[in-house]
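Numbering (my numbering), first residue to last: 1408 to 1907.
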RNA sequence: GGUCUUGUGGCCGAGUGGCUAGGCAGAGCUCUGCAAAAGCUUCCACAGCGGUUCGAAUCCGCUCGAGACCUCCA
């Protein structure tokens, strides 16, 4: 049996996964900043880590998954940049910061549900851990790695580096170059050194979010919350820390510095970074005009889209590439994913109708077993979902052949049939978190449909194809697809239902 | 400018130094009243130039191109 290998950004190689306290695994993922809508790129990242979380569970680990909500810092009001929230307006016209936080936190959770992402075990907020953050700053001050100026506290990167702690270990930067790079920028700064970063920022009186601290009223620095909350819930050193590639520097670099500066330890054994999402060859961004919100993707309410796509199809498209690769999507890719997903889901439901009459182990049985094993070893190879999906497609071909009688069911042993069920449910449903299309559970509708199907069959038997085609077409228009030699079934109605 | 990543067939995308990735699309066939679905067969690759090697899409170098980060960002 293969063992799980994970690419570690810190060491830049694949490593055999060995949790600190098996079977327990600590997983920390940087969550969203909730002052605007999450976009589709965020969804890819959180889908990737959802799959990783699910696969760890699938492998029998007991995972504590912590994903933070960043709700402190430079909150602006809804109108975004260009609007000075400090200008005096009637109090009620301004959104309360926590109102914004609430709105976008709820929105984020809704999107997570639509994409069938499991909630983390703990979802801590930055504002809920101000005291702990202040405590960590005090430790850093005590360790001589931070200094206070005018009510703000900064991390002393140069000093940290002199203590043989390599700042830049994760992102491959060296501080001389960084300093040189900053020198060109404006130097109006109270920091001792341009690469120092804020642990605590003094707040001007009109700043809307501020807390009391030993250094006066202020708010915590941007990198501190993750250090504090990962340590609090997972320990000073835990197994996996994840986040988007764009957080590698400076966010994760600073996090490491803060943790080492405080506890003298690397916070995480493994750092994982998921890659970015492009649309039509470009990074999704407002300035390119190709930034699409998840909800727009689902409803199709966007000029660049021809129609809406189901969250499952979108997620399937994500899973067809490796989490660490850049992914470029477009309309055609979405359409392809829709069809591909349907093929796999159809194969999955066909398994239920198969019968196994094999008495000995046939070639087919052996093929099924080796493909099932391949799924595991593909996933164990740094969560290679693309390859695993390819393997599932190979199994789908076998299933379809069995269904159509092209492969005789005396070639299929009952153990293999069971294995097919286990694999399709295990990977497609449990690990990838893909939901099957909705099955009809309405008994009356079922009975009515059987009457209609019977009528159509009689028309067909009389060669009255006008009538039989009419029935089929009318049903199609109502979202029910009728295929000959088959039962009728519902056609993807659930999506639109979910949106309204 | 610096750090890092990357360049695969019509599109999207895996990939180990030597063996068909896969999906969707295209072509042909089977099935079919017609569709749909499904099955089988098939076409189209590894940016360019060198090098290492018995052998490289896979390793090294250069050229060209793309992207991310260096400022909040998944």
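No residue lacks a Cβ here, since even glycine has one placed at the ideal position from N, Cα and C. Just so it is clear, the structure is predicted and the values come from calculations on it, not from any experiment.
Item to check | Neighbour-count burial assignment, residue 1425, 16 or more Cβ in a 10 Å radius | outcome: In the first chain, residue 1425 corresponds to position 18, counting from 1. Flag for residue 1425 reads exposed.
Checklist entry - Does the distance from the C-beta atom of residue 1723 to that of residue 1802 stay below 8 Å? => result As a working mapping, residue 1723 is identified with position 316 in the first chain. As a working mapping, residue 1802 is identified with position 395 in the first chain. No, the pair does not count as a contact, with Cβ atoms beyond the cut-off.
Next on the checklist: Does residue 1631 pass the burial test, meaning 16 or more other C-beta atoms within 10 Å, or should it be called exposed?
Outcome noted: For the purposes of this step, residue 1631 is taken as residue 224 along the first chain, with counting starting at 1. Classification of residue 1631: buried, given that the 10 Å Cβ count is 16 or more.
Item to check | Cβ separation of residue 1626 and residue 1524, assumed to be a contact under 8 Å, to the nearest whole Å | outcome: One-based indexing of the first chain puts residue 1626 at position 219. One-based indexing of the first chain puts residue 1524 at position 117. That pair is no contact at about 29 Å.
Item to check | Residues near residue 1546 in its chain [Cβ-Cβ closer than 6 Å; skip 5 each side] | outcome: For the purposes of this step, residue 1546 is taken as residue 139 along the first chain, with counting starting at 1. Closer than 6 Å at Cβ, skipping near neighbours: 1669.
Next on the checklist: According to DSSP, is residue 1445 part of a helix, a strand, or is it coil?
Outcome noted: The residue given as residue 1445 occupies position 38 in the first chain. Coil, per DSSP.
Checklist entry - So residue 1615 packs on residue 1504, CB below 8 Å; how close in whole Å? => result Residue numbering aside, residue 1615 sits at position 208 when the first chain is read from its first letter. Residue numbering aside, residue 1504 sits at position 97 when the first chain is read from its first letter. Contact holds; Cβ gap of about 5 Å.
Next on the checklist: Let me confirm a value: residue 1773 is counted as buried when at least 16 other C-beta atoms fall within 10 Å, else exposed. Which label applies?
Outcome noted: What you label residue 1773 is simply residue 366 of the first chain in a count that begins at 1. Flag for residue 1773 reads exposed.
Checklist entry - Are the stretch 1470 to 1478 and the stretch 1434 to 1441 touching by the rule of at least three beta carbon pairs closer than 8 Å? => result Cβ pair count under 8 Å is three or more, so yes.
Checklist entry - Are three or more beta carbon pairs between the stretch 1557 to 1570 and the stretch 1509 to 1517 nearer than 8 Å? => result Verdict: no, contact absent.
Item to check | Beta-carbon proximity check, residue 1623 vs residue 1609, cutoff 8 Å | outcome: For the purposes of this step, residue 1623 is taken as residue 216 along the first chain, with counting starting at 1. For the purposes of this step, residue 1609 is taken as residue 202 along the first chain, with counting starting at 1. Yes, Cβ-Cβ distance for residue 1623 and residue 1609 is below 8 Å.
Checklist entry - Closest to residue 1451 by CA distance: which of 1462, 1797, 1439 is it? => result Locating residue 1451 in the first chain gives position 44, where the first residue counts as 1. Distances from the alpha-carbon of residue 1451 to those of 1462, 1797, 1439 put 1439 closest.
Checklist entry - What are the uninterrupted segments assigned as alpha helix (DSSP H) that are 4 or more residues long and contained completely in the stretch 1644 to 1703, given in chain order? => result Listed in chain order, the alpha helix (DSSP H) elements of length 4 or more contained wholly in the stretch 1644 to 1703 are 1660 to 1670.
Next on the checklist: Quick check on this structure: which residue in 1559, 1558, 1544 has the alpha carbon closest to the alpha carbon of residue 1552?
Outcome noted: In the first chain, counting from the first residue as 1, residue 1552 sits at position 145. Ranking 1559, 1558, 1544 by Cα distance to residue 1552 puts 1544 first.
Item to check | Under 8 Å between C-beta atoms of residue 1458 and residue 1792 | outcome: As a position in the first chain, residue 1458 is number 51, starting the count at 1. As a position in the first chain, residue 1792 is number 385, starting the count at 1. Between residue 1458 and residue 1792, the C-beta spacing is below 8 Å.
Checklist entry - Does DSSP put residue 1586 in a helix, in a strand, or in coil? => result Working through the first chain from its first residue, we reach residue 1586 at position 179. In this structure, residue 1586 counts as helix in the three-state DSSP scheme.
Item to check | residue 1620 to residue 1561 span [Cα, whole Å] | outcome: For the purposes of this step, residue 1620 is taken as the residue at position 213 of the first chain. For the purposes of this step, residue 1561 is taken as the residue at position 154 of the first chain. For the pair residue 1620 and residue 1561, the Cα-to-Cα distance works out to about 14 Å.
Next on the checklist: Would you call the stretch 1681 to 1692 in contact with the stretch 1649 to 1659, where contact means no fewer than 3 C-beta pairs closer than 8 Å?
Outcome noted: With the cut-off at 8 Å, the stretch 1681 to 1692 and the stretch 1649 to 1659 touch.
Checklist entry - Between 1860, 1851, 1776, 1790, which lies nearest to residue 1825 when the distance is taken from Cα to Cα? => result Translated into the one-based positions of the first chain, residue 1825 becomes position 418. Put simply, of 1860, 1851, 1776, 1790 the residue whose alpha carbon is nearest the alpha carbon of residue 1825 is 1776.
Checklist entry - Three-state secondary structure (DSSP) at residue 1821? => result The count along the first chain starts at 1 and reaches residue 1821 at position 414. Here residue 1821 sits in helix by DSSP.
Item to check | Unbroken beta strand (DSSP E) run spanning residue 1725, endpoints | outcome: In the first chain, counting from the first residue as 1, residue 1725 sits at position 318. For residue 1725, there is no enclosing beta strand (DSSP E); the enclosing alpha helix (DSSP H) has its first and last residue at 1718 to 1726.
Item to check | 6 Å Cβ shell around residue 1737 - same chain, five flanking residues per side excluded | outcome: Within the first chain, the letter at position 330 stands for residue 1737. Excluding sequence neighbours, residue 1737 sits near 1687.
Checklist entry - Can you give the beta carbon distance from residue 1717 to residue 1446, rounded, assuming they're within the 8 Å contact cut? => result Position 310 of the first chain, counted from the start, is the residue given in the question as residue 1717. Position 39 of the first chain, counted from the start, is the residue given in the question as residue 1446. No, residue 1717 and residue 1446 are not in contact; Cβ-Cβ is about 18 Å, not under 8 Å.
Checklist entry - Whose C-beta lies closer than 6 Å to the C-beta of residue 1533 among residues of the same chain, with five residues either side of it excluded? => result For the purposes of this step, residue 1533 is taken as the residue at position 126 of the first chain. Answer for residue 1533: 1477, 1478, 1479, 1632, listed in chain order.
Item to check | Nearest-angstrom Cα separation, counted from residue 1409 out to residue 1865 | outcome: Taking the first residue of the first chain as position 1, residue 1865 is located at position 458. Taking the first residue of the first chain as position 1, residue 1409 is located at position 2. Each residue's Cα considered, the two are about 56 Å apart.
Checklist entry - How is the beta strand (DSSP E) around residue 1534 delimited, first residue to last? => result What you label residue 1534 is simply residue 127 of the first chain in a count that begins at 1. Counting along the chain, residue 1534 falls outside any beta strand (DSSP E), and DSSP gives it neither H nor E.
Checklist entry - Along the chain, where does the beta strand (DSSP E) that runs through residue 1474 open and close? => result Here the question's residue 1474 lines up with position 67 in the first chain. 1469 to 1474 is the extent of the beta strand (DSSP E) around residue 1474.
Next on the checklist: Spatial neighbours of residue 1928 within its chain, please: C-beta separation below 8 Å, excluding the five flanking residues on both sides.
Outcome noted: No answer is possible for residue 1928: it lies beyond the span of the chain, which begins at 1408 and ends at 1907.
Checklist entry - Out of 1767, 1789, 1759, 1800, which has the shortest C-alpha to C-alpha gap to residue 1779? => result Within the first chain, residue 1779 is the residue found at index 372, counting from 1. Of the listed residues, the one whose Cα sits closest to residue 1779 is 1800.
Next on the checklist: Helix, strand or coil for residue 1424? Go by DSSP, reduced to three states.
Outcome noted: Here residue 1424 refers to the residue found at position 17 of the first chain. In the structure shown, the three-state DSSP call for residue 1424 is coil.
Checklist entry - When the Cα atoms are used, what is the spatial distance from residue 1637 to residue 1535? => result To locate residue 1637, count along the first chain from 1; it is residue 230. To locate residue 1535, count along the first chain from 1; it is residue 128. Answer to the nearest angstrom: the Cα atoms are 13 Å apart.
Checklist entry - Between which two residues does the alpha helix (DSSP H) harbouring residue 1838 extend? => result Taking the first chain and counting its residues from 1, one reaches residue 1838 at position 431. Judged by DSSP secondary structure, residue 1838 falls outside any alpha helix (DSSP H); it is assigned neither H nor E.
Checklist entry - What does DSSP give as the partner residues of residue 1434 in its beta bridges? => result Against the first chain, residue 1434 aligns to sequence position 27. Listed as beta-bridge partners of residue 1434 by DSSP are 1472, 1647.
Item to check | Proximity below 8 Å, CB of residue 1920 to CB of residue 1754 | outcome: Because the chain is modelled from 1408 through 1907, residue 1920 falls outside the range shown and cannot be assessed.
Next on the checklist: In this structure, how does DSSP classify residue 1569 when only helix, strand and coil are distinguished?
Outcome noted: Position 162 of the first chain holds residue 1569. Residue 1569 falls in the helix class under three-state DSSP.
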